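Under our numbering, residues 147 to 579 are what the sequence shown spells out, in order.
Glycine included, every Cβ here is placed at the ideal spot set by N, Cα and C.
Model, not experiment: these values are computed from the prediction.
Structure first, commentary second.
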Amino acid sequence: MSEAAQPRYQVAVIGGGPAGLFAAIRYAERTSCSCKEPRIVVLERRTHPCRKLLVAGSGQCNLTHSGPIEDFADHYGGGAKPGAAARFLKPSLLEFSNAELLAWFRARGLDFEEEEGGKVFPVTRKASSVLDILVAEAKRLGVEIHGERRVVSLAAEAGGFIIRTSHESITADSVLVATGGASYPVTGSSGDGYALAAELGHAVVAPRAALAPVYVAGFRLASVAGLSFTGAGLTVRRDGKKTSSNIGDILITHRGVSGPLVLDASRGIRPGDKLEVRFTDIDLDAFRERFDELLAAAPRRFVKTVLAECGLPRSLGELFCRLAGLTDSAIAADLKRSAREMLCSLACACPLDVAELGNLDEAMATAGGVDLAEVNAKTMESRLVPGLFFAGEVLDVDGDTGGYNLQAAFSTGALAAKALATKTLVASNMQAD
Numbered sequence: 147m148s149e150a151a152q153p154r155y156q157v158a159v160i161g162g163g164p165a166g167l168f169a170a171i172r173y174a175e176r177t178s179c180s181c182k183e184p185r186i187v188v189l190e191r192r193t194h195p196c197r198k199l200l201v202a203g204s205g206q207c208n209l210t211h212s213g214p215i216e217d218f219a220d221h222y223g224g225g226a227k228p229g230a231a232a233r234f235l236k237p238s239l240l241e242f243s244n245a246e247l248l249a250w251f252r253a254r255g256l257d258f259e260e261e262e263g264g265k266v267f268p269v270t271r272k273a274s275s276v277l278d279i280l281v282a283e284a285k286r287l288g289v290e291i292h293g294e295r296r297v298v299s300l301a302a303e304a305g306g307f308i309i310r311t312s313h314e315s316i317t318a319d320s321v322l323v324a325t326g327g328a329s330y331p332v333t334g335s336s337g338d339g340y341a342l343a344a345e346l347g348h349a350v351v352a353p354r355a356a357l358a359p360v361y362v363a364g365f366r367l368a369s370v371a372g373l374s375f376t377g378a379g380l381t382v383r384r385d386g387k388k389t390s391s392n393i394g395d396i397l398i399t400h401r402g403v404s405g406p407l408v409l410d411a412s413r414g415i416r417p418g419d420k421l422e423v424r425f426t427d428i429d430l431d432a433f434r435e436r437f438d439e440l441l442a443a444a445p446r447r448f449v450k451t452v453l454a455e456c457g458l459p460r461s462l463g464e465l466f467c468r469l470a471g472l473t474d475s476a477i478a479a480d481l482k483r484s485a486r487e488m489l490c491s492l493a494c495a496c497p498l499d500v501a502e503l504g505n506l507d508e509a510m511a512t513a514g515g516v517d518l519a520e521v522n523a524k525t526m527e528s529r530l531v532p533g534l535f536f537a538g539e540v541l542d543v544d545g546d547t548g549g550y551n552l553q554a555a556f557s558t559g560a561l562a563a564k565a566l567a568t569k570t571l572v573a574s575n576m577q578a579d
């Protein structure tokens with residue numbers, strides 16, 4: 147196809163995930179792009195958009211969190227320095243908050259419900275309910291969605307960009323790269339956007355798994371895999387120094403630990419780190435006091451029974467007894483001080499050596515991405531290439547579990563759309579003059 151015959155768009159969005167598709171919708175809303183002439187296009191690698199959205203929240207779509215939007219920034223990692231991601235995301239989160247996101251969907255017939263802890267889900271508990279609205283709105287507003295369009299190259303030219311896909315080449319005045327991260331590649335998140343950004347001179351922080359399970363060296367708790375704990379504690383140590391300590395929900399797996407508490411902490415965990423897991427909702431001193439009281443009150447009771455009365459699942463208490471060198475029939479009166487201390491430590495500060503973290507195929511999100519220092523946080527526009535924008539997980543930002551990553555995708559997409567629409571309207575006014 148000759149350059150003259152190449153389709154010309156005002157905006158080309160690379161990536162049909164939540165950030166890209168929503169940005170296209172918001173852009174169309176702001177520019178009244180409902181005309182027949184194609185002016186905005188979404189280029190999606192897969193056949194259909196938002197494949198990854200369909201697995202969010204185990205398919206139930208934890209869309210956002212109900213907490214104050216001012217507190218959201220503390221739930222993101224990324225950037226060169228501590229707090230960099232929080233500062234970067236603040237303009238987009240304030241531009242399009244969690245309340246505004248929910249109001250947008252409610253205006254289109256979808257209501258939401260909140261779980262304990264602040265997670266927000268559609269009342270249908272189906273991610274497809276969210277996706278159906280996005281696709282319907284895009285079509286209503288005249289947004290073109292081209293599936294099976296892997297972008298193989300992106301080049302800046304005078305007055306715009308040339309985008310070469312697996313099917314054709316198109317040109318656009320502006321481009322939004324919203325290709326997502328590199329986790330869950332089966333959904334289309336292959337990390338293609340990193341190469342496109344680098345092609346145009348952007349630095350890319352090496353992508354790695356975020357919200358990933360932790361695998362433990364010589365794991366001794368595999369026999370109780372499947373047990374979960376609410377209000378558990380997790381302390382991370384590196385070279386003898388505590389790097390983090392938090393409370394939340396944890397899950398024992400066949401190879402280590404997972405659950406929201408571990409997933410959120412995983413961005414700061416490295417192989418070789420030492421973990422201490424508290425499987426109770428009370429600290430070591432309180433547990434020891436309770437344990438000693440129960441032992442003294444019933445010296446003929448089985449130790450495993452006393453552990454269960456202290457709040458441990460019976461199967462875990464039995465395992466801890468074996469690890470402490472006790473038989474199933476061990477009674478309180480026979481428990482030596484050293485074994486008692488070991489049981490308390492296993493319950494409240496169980497030591498685990500980190501072997502590795504789950505890889506990008508297993509992770510729920512991607513850490514790393516386009517360097518935040520090279521993107522204008524107030525517009526999502528590249529500081530290096532005018533007319534080039536970024537939104538969503540392709541940026542060096544990763545959020546905690548609980549709806550924070552999807553909110554960041556929608557918020558950065560909305561902010562990019564606002565800036566893109568402003569550019570289009572300014573250009574149209576100049577042409578009219």
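Cβ-Cβ distance between residue i and residue j below 8 angstroms
| i | j | result |
| --- | --- | --- |
| F433 | I477 | no |
| L235 | Y222 | yes |
| C494 | T426 | yes |
| K388 | T381 | yes |
| S243 | I215 | yes |
| V351 | D517 | yes |
| R384 | G293 | no |
| S178 | K569 | no |
| A318 | A158 | yes |
| F168 | L287 | no |
| A226 | V362 | no |
| L373 | P459 | yes |
| G264 | H211 | yes |
| P359 | G504 | yes |
| K524 | S335 | no |
| Y340 | P353 | yes |
| D338 | R296 | yes |
| A249 | E520 | no |
| L566 | Y173 | yes |
| T325 | D410 | no |
| L397 | T311 | no |
| K564 | R254 | no |
For residue i: DSSP bridge partner residues
| i | result |
| --- | --- |
| H292 | L189 |
| G379 | I393 and R424 |
| S320 | V157 |
| V360 | V403 and L503 |
| P268 | F258 |
| S374 | L397 |
| T311 | V297 |
| D438 | BP columns for D438 are empty, so no partner. |
| F535 | L322 and E527 |
| R384 | K387 |
| G548 | Partner(s): none; G548 has no beta bridge. |
| G306 | E303 |
| V351 | G515 |
| I171 | Answer by DSSP bridge pairing: none, since I171 is not bridged. |
| L277 | Partner(s): none; L277 has no beta bridge. |
Integer-rounded CB distance, given that residue j should sit under 8 angstroms from residue i
| i | j | result |
| --- | --- | --- |
| V543 | A560 | With a Cβ gap of about 15 angstroms, V543 and A560 do not count as contacting. |
| V289 | L209 | Contact flag wrong, Cβ pair sits at about 21 angstroms. |
| V127 | G327 | The requested residue 127 is not part of the displayed model; the chain covers only 147 to 579. |
| G402 | D395 | Rounded, the Cβ-Cβ distance is 15 angstroms, inconsistent with contact. |
| A509 | N551 | 11 angstroms between Cβ atoms; not a contact. |
| L300 | I291 | Not confirmed; about 19 angstroms, so no contact. |
| G414 | I393 | Not quite, the Cβ-Cβ distance comes to about 15 angstroms (not below 8 angstroms), so this is no contact. |
| V266 | G549 | 6 angstroms |
| L421 | L498 | 4 angstroms |
| L371 | T399 | The sequence shown places Ala at residue 371, rather than the Leu named in the question. A371 to T399, Cβ: 5 angstroms. Contact. |
Option nearest residue i by Cα separation, candidates the options
| i | options | result |
| --- | --- | --- |
| V323 | E455, I160, L506 and L492 | I160 |
| L462 | R271, G264 and A368 | A368 |
| A356 | G372, D474 and R416 | R416 |
| S491 | A563, D474, G379 and V572 | G379 |
| T558 | P214, A231, R185 and R154 | A231 |
| F466 | G377, H400, R366 and P153 | R366 |
| A479 | A509, R446, T473 and C496 | R446 |
| S390 | D419, A284 and P268 | D419 |
| E303 | L534, A513 and T547 | L534 |
| A170 | R295, S484, H400 and A562 | A562 |
| R486 | A442, A411, V408 and R529 | A442 |
| P581 | G205, D431 and A573 | Any question about residue 581 goes unanswered here, given that the chain covers just 147 to 579. |
| P153 | R185, T325, R529 and F258 | R185 |
| G213 | A343, F375, E260 and S329 | E260 |
| D278 | R529, E175 and P195 | P195 |
| L342 | A253, V408, A573 and V531 | V531 |
| G457 | R233, L200, R436 and G364 | R436 |
Any chain B beta carbon closer than 8 angstroms to residue i
| i | result |
| --- | --- |
| D220 | Among the chains of the structure shown, chain B does not appear; only one protein chain is present. |
*Mind pulling the beta strand (DSSP E) runs of 3 or more residues that sit fully within the region 485-522?*
496-503 and 511-516
*Could you tell me which uninterrupted beta strand (DSSP E) segments, each at least 3 residues in length, are contained entirely in the region 210-245, listed from first to last along the chain?*
none
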